[in-house]
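**Student:** This structure is in structure tokens; I'll ask about it shortly.
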Amino acid sequence: MKEKTILAIIGYRYPIALAVLGLAALILSGRMIQLHIADRTFLQEQGDARSVRIDSIPGYRGMIRDRNGEPLAVSTPVTTIWANPRHFKADDMELKELARRLDLSLSFLKDKMKRAESKGFIYLKRHMIPHEAREILDLRIRGVYAQYEYKRYYPAHEMAAHLIGFTNIDDKGQEGLELTFDEALAGEPGQKKILKDRRGHVFRDLQVIKTPQPGQTLDLTIDLKLQFMAYRELKAAVDQHKAKSGAVVMLDARSGEVLAMVNQPSFNPNDRSGLDVAALRNRAMIDLFEPGSTVKPLTIAAAINSGQYKATDSVDTSPGYMRLGGSSIRDFRNYGTLSMTRIITKSSNVGVARIALSMAEDTVANFFQQLGLGQTTGTGFPGEGVGTLLIPKAREKARIATMAYGYGLAVTSLQLAQAYQVLANRGLKKHISLVKGMDTIPDEQVMSPDTSRAVIEMMETVTQRGGTGTRAAVPGYRIAGKTGTVHKVSAAGGYDNEYMAVFAGIAPVSDPRIVMVIWVDSPSGQEYYGGEVAAPIFGRIMGNALRYLNIRPDNIEAAASSVKEK
């Protein structure tokens, strides 16, 4: 009986066990089918998420070049080393080696990792040379990774720093043309699939999903060789005269293109450690100053262009001074009756003041405005100065008179150069351009060709014997120009004991090709007049530029006779 009961129980349990095992096998089979068929896509995505990643491919920032294709700003590949502190793990030897290759102290690195232990990302070192970064990656330290980027490099160093500007560490334009054209220069990043190991290190590139697009190339109007010539001479002059600062602007008289633009002090955009913020300013386009006597030829041009005066007219400047209200206007001495030419040669304040006062009160100011003074040149350069040019009222005789010889208005170097470009280009005003192909603004005929020609020939006497700018002369060429010695305004509003030496000129007179404006701020030596400080710089730069551009001499006989006299 007992044996039958046991057999009965066994016989009962056996099929139950088989049934349970069969059911389990059935469930497992179903689950396998579900995982391989129904959930296959989901599981594959989850697996890929732990090994396959989508990584960004940085876009190459567009190159900036001079008018001849010489590079002024290029992008070079660099590697940034970063870490995930949550995954970071290194023994003492690895940590010591990592600190050495990062050029950090061991204590600093330990402290840095400890303070960021709750974060998922920190930079260890930005923009490393690729082979040096590879040596760090070869250490195979857990939680240390690489990011591939580009770094901007400027071959011209400080010579073109103010014009080109620079980018920040993330390759975004911060100053100059890098900022103005940041959107056009910036490359468009691409994407690729990469395979990472369990530590997060990339060990295989799988597929490029989107090809990165490089930024646009920017071709400037400046000539790097002319830029170097101007920079060298300006720097030497500022050092020689112990001046605060200086600027040079050179234009193509026919096209209005900027051929050179330099400033002092300057900076090296490749190494901005210890940089003085004041050195960042592009003074040629931002700083405002009273142009002084350099606008006297423009006042004469306004008078002739108005039809009220002829180039052959004369003006009585006796007794060498004039009083307007509580102010006095004086010449260096009593020049008596002066022709229009001699007014410019001798830089007569009284002469241009009387001419301006004899016309409608807004004649000179409106003409200056047509030339571009007191308004932006439209280059788009960030922070470009607008200047100040107020239209005087009839009763404001002192303002009318002082504006005629360059006080009571404020201009930039580029605005003054543009005004001289109109004189040099037979009265035709061209749009000032820094970038090739950007001169889309229509030309404007501001004065007649006869007026511009007459005034240029008057200005030529300034660089000849008896003129105030003889040191701007260039052997073999006819040079027209005007000196300016500007009494600087103090912080209190009056005039202090500092001066700005200015020279603006055109060459060659027979067929004007180059316009140049130079100023030197607060020369501290015994020489401070425009003819003593700025004119010699003009002569050296202009002489080099004319020869470099292979412009035919137009004054060979005078140069030959000068050699004979010596």
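If you read the sequence shown in my numbering, its first letter stands for residue 4, the second for the next number, and so on.
Glycine is no exception: its CB is placed at the ideal position from the N, C-alpha and C atoms.
Source: prediction; values computed, not measured.
1. Counting Cβ pairs closer than 8 Å, one from the region 265 to 274 and one from the region 472 to 479, do we hit at least three?
2. Determine the direct distance from the alpha carbon of residue 336 to that of residue 324, and round the result to whole angstroms.
3. So residue 131 and residue 84 are in contact, right, with Cβ under 8 Å, and what is the actual spacing, rounded?
4. Can you tell which of 461, 419, 449, 293 has the C-alpha that lies nearest to the C-alpha of residue 313?
5. According to the Cβ coordinates, are residue 408 and residue 217 closer than 8 Å?
6. First and last residue of the beta strand (DSSP E) that includes residue 333?
7. Which word fits residue 559, buried or exposed, when buried means at least 16 other C-beta atoms lie within 10 angstroms of its C-beta?
8. Rounded to whole angstroms, how far is the Cβ of residue 75 from the Cβ of residue 159, which I believe are closer than 8 Å?
9. Here's the rule: buried if 16 or more other CB atoms are within 10 angstroms of the residue's CB, otherwise exposed. What is residue 226?
10. So the alpha helix (DSSP H) residue 232 belongs to, where does it begin and stop?
11. Just mark residue 472 as buried or exposed, buried being the case when its beta carbon has 16 or more other beta carbons within 10 Å.
12. With a 10 Å radius around its C-beta and 16 neighbouring C-beta atoms as the bar for buried, classify residue 419 as buried or exposed.
13. What does residue 319 pair with, by DSSP beta-bridge criteria?
14. DSSP three-state label for residue 506, please.
15. Where does residue 2 sit, in a helix, a strand or coil, going by DSSP?
16. Does the distance from the C-beta atom of residue 304 to that of residue 162 stay below 8 Å?
17. Can you name the residues that DSSP bridges to residue 590?
18. Compare the Cα-Cα distances from residue 360 to each of 278, 396, 372, 27 and report the closest residue.
19. Cα-Cα, which of 438, 490, 433, 454 is closest to residue 445?
20. My output table needs one value for residue 388: the three-state DSSP class, helix, strand or coil.
21. Helix or strand or just coil, what does DSSP make of residue 406?
22. Which two residues bound the contiguous alpha helix (DSSP H) that contains residue 272?
23. Going by other Cβ atoms of all chains shown within 10 Å of its Cβ, with 16 needed for buried, is residue 99 buried or exposed?
24. For residue 95, write down the residues that DSSP places opposite it in a beta bridge.
25. If you draw a straight line from the C-alpha of residue 555 to the C-alpha of residue 179, how long is it?
26. Give the straight-line distance between the Cα atoms of residue 438 and residue 223, rounded to the nearest whole angstrom.
27. Are the Cβ atoms of residue 104 and residue 139 separated by less than 8 Å?
28. So for residue 23, helix, strand or coil by DSSP?
29. Out of 133, 524, 537, which has the shortest C-alpha to C-alpha gap to residue 500?
30. If residue 571 sits next to residue 429, beta carbons under 8 Å apart, how far is it from one beta carbon to the other, in whole angstroms?
31. Give a yes or no on contact between the region 340 to 352 and the region 377 to 390, applying the rule of three or more CB pairs nearer than 8 Å.
32. Just checking, does the region 270 to 281 make contact with the region 291 to 308 on the three C-beta pairs under 8 Å criterion?
33. According to DSSP, simplified to helix, strand and coil, what is residue 253?
34. In its own chain, which residues sit with a C-beta less than 8 Å from the C-beta of residue 542, not counting the 5 before and 5 after it?
**Tutor:** Taking the definition as stated:
1. no
2. 8 Å
3. 6 Å
4. 461
5. no
6. 330 to 333
7. exposed
8. 5 Å
9. buried
10. 227 to 243
11. buried
12. buried
13. 340
14. strand
15. Because the chain in this structure spans residues 4 to 569, residue 2 falls outside the shown range and cannot be described.
16. no
17. Because the chain spans 4 through 569 in this model, residue 590 falls outside it and cannot be assessed.
18. 396
19. 433
20. coil
21. helix
22. Here residue 272 belongs to no alpha helix (DSSP H), and DSSP marks it neither H nor E.
23. exposed
24. DSSP output for residue 95 lists no bridge partner at all.
25. 35 Å
26. 4 Å
27. yes
28. helix
29. 524
30. Here the chain comprises residues numbered 4 to 569, so residue 571 is not present and cannot be evaluated.
31. no
32. no
33. strand
34. 474, 475, 476, 477, 482
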